[in-house]
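Sequence positions in the sequence shown follow this note's numbering and run 7 to 229. Virtual Cβ for every residue (Gly too), placed ideally from N, Cα, C. Note that the coordinates shown come from a computational prediction; the quantities given were computed from them, not determined experimentally. Reading through the structure tokens given below for one structure.
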Amino acid sequence: MPRKTSSTSTTATAACSPNRARPDRSSYYDRETSTHYNYFRDYDPSTGRYVQSDPIGLRGGINTYSYATENPLLRVDPLGLVDWSGTFAGGTVGRGGTAGLYYFDLKSQCVNGKRGHVKGWALGVGFGLGIDISFTTSPANFKDHESTPNPDIFEGNFLYGQGGLSLCSKTGCGGISYTGILQLGGAYAEAGWGSSKGLDFGANIIGGRSKVTYRLVEPCCDK
Numbered sequence: 007m008p009r010k011t012s013s014t015s016t017t018a019t020a021a022c023s024p025n026r027a028r029p030d031r032s033s034y035y036d037r038e039t040s041t042h043y044n045y046f047r048d049y050d051p052s053t054g055r056y057v058q059s060d061p062i063g064l065r066g067g068i069n070t071y072s073y074a075t076e077n078p079l080l081r082v083d084p085l086g087l088v089d090w091s092g093t094f095a096g097g098t099v100g101r102g103g104t105a106g107l108y109y110f111d112l113k114s115q116c117v118n119g120k121r122g123h124v125k126g127w128a129l130g131v132g133f134g135l136g137i138d139i140s141f142t143t144s145p146a147n148f149k150d151h152e153s154t155p156n157p158d159i160f161e162g163n164f165l166y167g168q169g170g171l172s173l174c175s176k177t178g179c180g181g182i183s184y185t186g187i188l189q190l191g192g193a194y195a196e197a198g199w200g201s202s203k204g205l206d207f208g209a210n211i212i213g214g215r216s217k218v219t220y221r222l223v224e225p226c227c228d229k
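What follows is the structure, given as structure tokens:
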């Protein structure tokens, strides 16, 4: 069993089954079904789309069967999912001028024999409309331009623009939110609607810095 390490320079040495060899980095061709296997989904080249719906739902776009957001010449989608997924949580204090503090916990898919895990904080100030204090937690999905998982890509400039409505009742707190822009260092979340939990009513635009406090890269088998 491979030993975990917190170094981002880990060399992946996990033993992978030879029958999982692929003709390229994006997938391997299944001759029996004439589709390309992308770990969570199968891509059908005859139709230019996936056979299964995207398991992350609408967070990857309104068309849950599309490949590379319908732009394969400029983008790639090696596993049929976004590169990093997990939780983005936090809140703001103030109305008009506002300050925000957020926490992120994300894991990457297995890419080129490596899988990453990152945790950290983002702090910023900006402008907001709505209630004086808000706190929400929601699923998050990020992309970066690295060829292999690199947790340190999340450290750097922080920019977050969102609006949402999340209320509490006897059964719990929940609602919807729209993310216009979300940047953590060199990683970006795509704009769109999503679910949220917590208390929020308003809109904010916040800028600041993000800091990685935990990083892990471990070997894995590309499937």
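| Check | Outcome |
| --- | --- |
| How should A197 be labelled, buried or exposed, when 16 other C-beta atoms within 10 angstroms of its C-beta is the threshold for buried? | exposed |
| So if DSSP puts A105 in a beta bridge, which residue, or which two residues, is it bridged to? | V99, V131 |
| Using the three-state DSSP reduction, which class does D36 fall into: helix, strand or coil? | strand |
| Can you tell me whether I212 is buried or exposed? The criterion is at least 16 other CB atoms within 10 Å of its CB, across all chains shown. | buried |
| Going by DSSP in three states, P145 sits in which element: helix, strand or coil? | strand |
| Quick one: measure Cβ to Cβ for V99 and P155, integer angstroms, because I've assumed they're closer than 8 Å. | Between P155 and V99 the Cβ distance is about 33 Å, and since that is not below 8 Å, they are no contact. |
| May I ask you to report which of helix, strand or coil DSSP gives I137? | coil |
| Which value, in whole angstroms, describes the spacing of the CA atoms of V117 and C226? | 8 Å |
| Check D89 in the structure and name its three-state DSSP category. | coil |
| Who are the Cβ neighbours of A195 in its own chain at under 7 Å, not counting the five residues just before and after it? | A146, N147, F148, T185, L188 |
| With the cut-off set at 8 Å, would you say L107 and W90 are in Cβ contact? | no |
| Here's a check: name, in chain order, each residue in its chain whose Cβ is nearer than 7 Å to the Cβ of D111, leaving out the five neighbours to either side. | G92, T93, K125 |
| Is the beta carbon of N210 sitting closer than 8 Å to the one on G132? | yes |
| Under 7 Å Cβ to Cβ from G170, same chain only, skipping five residues before and after it: list those, please. | T142, G181, I182, S183, Y184, S202, D206 |
| Could you work out which residue in R37, F160, I137 is closest to T219 when comparing CA atoms only? | F160 |
| So what's N157 in DSSP terms, helix, strand or just coil? | With the sequence shown as reference, residue 157 is identified as Pro, and Asn is not the correct amino acid for it. Looking at P157 - three-state DSSP - the assignment turns out to be helix. |
| Compare the beta carbon distance of G162 and S216 with 8 Å and say whether it is the shorter of the two. | yes |
| What's the C-alpha gap between F164 and L190? | 5 Å |
| Going straight from the alpha carbon of S144 to that of L173, what length do you get? | 14 Å |
| What is the rounded straight-line gap between the Cα of D48 and the Cα of R37? | 12 Å |
| Along the chain, where does the beta strand (DSSP E) containing A193 start, and where does it finish? | 193-195 |
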